[in-house]
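Here the working numbering is used: the first residue of the sequence shown is 12, the next is one more, and so on. Before any comments, here is the structure.
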Amino acid sequence: MIARLTERQKDCLRLVAQGYTSKEIGRQIGISPATVDNHVRAALDTLRVESRAGAARLLAAAEADQPLTSQSQPLAEPPTDAAVDAVSGPARRWWQSMVPPLGGSRNSLGAEAKFFAIIRIAVLGLSSLMILTIGIAVLLWLLR
12 MIARLTERQK
22 DCLRLVAQGY
32 TSKEIGRQIG
42 ISPATVDNHV
52 RAALDTLRVE
62 SRAGAARLLA
72 AAEADQPLTS
82 QSQPLAEPPT
92 DAAVDAVSGP
102 ARRWWQSMVP
112 PLGGSRNSLG
122 AEAKFFAIIR
132 IAVLGLSSLM
142 ILTIGIAVLL
152 WLLR
């Protein structure tokens, strides 16, 4: 069954075995996270397994020419925050600190943090709307 996988599917599964997320895999091989998910999903169907980790184990075992044991072996540890920081940059820019971070696990913020994130978005949206309105008013005044 491994022979039926495309090279791109194998690339994605190798990186899954190293503990990377779809977003990180996409950055490394130059495709979108949704495309990574499509490749992994197709590999799951081809290999007839339920999980990404199971598919990655099958590929790793096939490439190492080792028979699979009944006990699943652990995959690599997930990459540390340093690896993610190397991709996103050493520090957030000043404007990035004004908006809530994108991504992350679902409901990872507490109630207070969610409230302040909503307030920041509202203030940023209102400020943008005010600047746009003032800019249009000035432009119309100049064109009179």
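Ideal Cβ placement from N, Cα and C applies to all residues, glycine included.
Item: By how many angstroms is the C-alpha of Lys125 removed from the C-alpha of Glu61?; Value: 33 angstroms
Item: Mapping the DSSP letters down to three states, classify Ala75 as helix, strand or coil.; Value: coil
Item: For the ligand ATP, is there any heavy atom lying closer than 7 angstroms to the beta carbon of Leu26?; Value: Ligands are entirely absent from the displayed structure, and the ligand ATP is therefore not among its contents.
Item: Quick one: grab the DSSP three-state call for Pro101.; Value: Confidence in Pro101 is poor, its pLDDT being 47 and thus under 50, which makes the residue's placement unreliable; the coordinate value appears in the next sentence. Coil at Pro101, not helix or strand.
Item: If you draw a straight line from the alpha carbon of Ala97 to that of Pro44, how long is it in whole angstroms?; Value: Caution is warranted here: a pLDDT of 45 is assigned to Ala97, below 50, making its placement in the model unreliable, and no coordinate value can be reported.
Item: In this structure, how does DSSP classify Val60 when only helix, strand and coil are distinguished?; Value: coil
Item: If you check the beta carbons only, do Cys23 and Ile36 fall under 8 angstroms apart?; Value: yes
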